[in-house]
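Engineer: Numbering (the numbering used here), first residue to last: 30 to 203. Heads up, the beta-carbon is just placed ideally off N, CA and C, and yes, glycines get one too. None of these values were measured; they are calculated from a predicted model.
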């Protein structure tokens, strides 16, 4: 099982994150930040960021195909400035709400991103680990994440909603 910072949550925030995808076009996901105080240094926040893939994004513009871009945007837009970017746990979340896995159970993929000077770099494939379903469920429960559809329904502004037909969008539809 992967480690994430779940004990004694002191920060919980949900937001739609949009960024210019490295393949062009803007894409979005649900970003959820969960933070705890570091027991070794109480002035330090340990942060886990969960990026939930939403269906309805342009074909090929998945979170995992530009996780460094998503992380750089999340850090700039959502992560408190006092958080060490190199110490964040990054998880990509898939399930019925996603374009990548619209019929399977919820799953998490841990991505070990490296912070260099002012940005995250694209991870090597050995730095990306898909967790099994039991570990994913246990970690999601520990992070106290509400269901994606419930979070999206509670957001008070116009945001991209998951498509009801479950298909990806592409340039040529018809």
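Under a three-way DSSP split, which group does residue 179 fall into?
Structural biologist: The residue you call residue 179 lines up with position 150 of the chain shown. Looking at residue 179 - three-state DSSP - the assignment turns out to be helix.
Engineer: Going by CA-CA distance only, name the one from 67, 80, 43 and 73 that's closest to residue 124.
Structural biologist: Indexing the chain shown from 1 puts residue 124 at position 95. Cα-wise, what sits closest to residue 124 is 80.
Engineer: Measure how close the beta-carbons of residue 48 and residue 99 come, nearest whole angstrom, since I'm counting them as under 8 Å.
Structural biologist: As a working mapping, residue 48 is identified with position 19 in the chain shown. As a working mapping, residue 99 is identified with position 70 in the chain shown. About 6 Å; that satisfies the 8 Å criterion.
Engineer: On a Cα-Cα basis, can you pick out the residue from 68, 137, 57 and 160 that is closest to residue 39?
Structural biologist: Locating residue 39 in the chain shown gives position 10, where the first residue counts as 1. For residue 39, the nearest C-alpha among the options comes from 68.
Engineer: Ends of the beta strand (DSSP E) at residue 112?
Structural biologist: Along the chain shown, read from residue 1 onward, the residue named residue 112 stands at position 83. First-last for residue 112: undefined, no H or E at that position.
Engineer: Are there 16 or more other CB atoms within 10 angstroms of the CB of residue 199, so buried, or fewer, so exposed?
Structural biologist: Counted from its first residue, the chain shown places residue 199 at position 170. The predicted position of residue 199 is uncertain, since its pLDDT is 46 and thus under 50; no value can be drawn from it.
Engineer: Kindly indicate which residue of 64, 160 and 113 has the alpha-carbon position closest to the one of residue 134.
Structural biologist: Looking up residue 134 in the chain shown gives position 105. Out of 64, 160 and 113, 160 has the C-alpha closest to the C-alpha of residue 134.
Engineer: Tell me the DSSP bridge mates of residue 66?
Structural biologist: Start at 1 with the first residue of the chain shown, and residue 66 comes out as number 37. Residue 66 pairs with 74.
Engineer: Report the three-state DSSP secondary structure of residue 91 (helix, strand or coil).
Structural biologist: As a first step, residue 91 is located in the chain shown; it is residue number 62 there, counting from the start. Residue 91 falls in the coil class under three-state DSSP.
Engineer: Straight-line CA distance for residue 146 to residue 101?
Structural biologist: Within the chain shown, numbered from 1, the residue matching residue 146 stands at position 117. Within the chain shown, numbered from 1, the residue matching residue 101 stands at position 72. Whole-angstrom Cα-Cα distance: 12 Å.
Engineer: Does the distance from the CB of residue 118 to the CB of residue 56 come in under 7 Å?
Structural biologist: As a working mapping, residue 118 is identified with position 89 in the chain shown. As a working mapping, residue 56 is identified with position 27 in the chain shown. Going by C-beta atoms, residue 118 is not nearer than 7 Å to residue 56.
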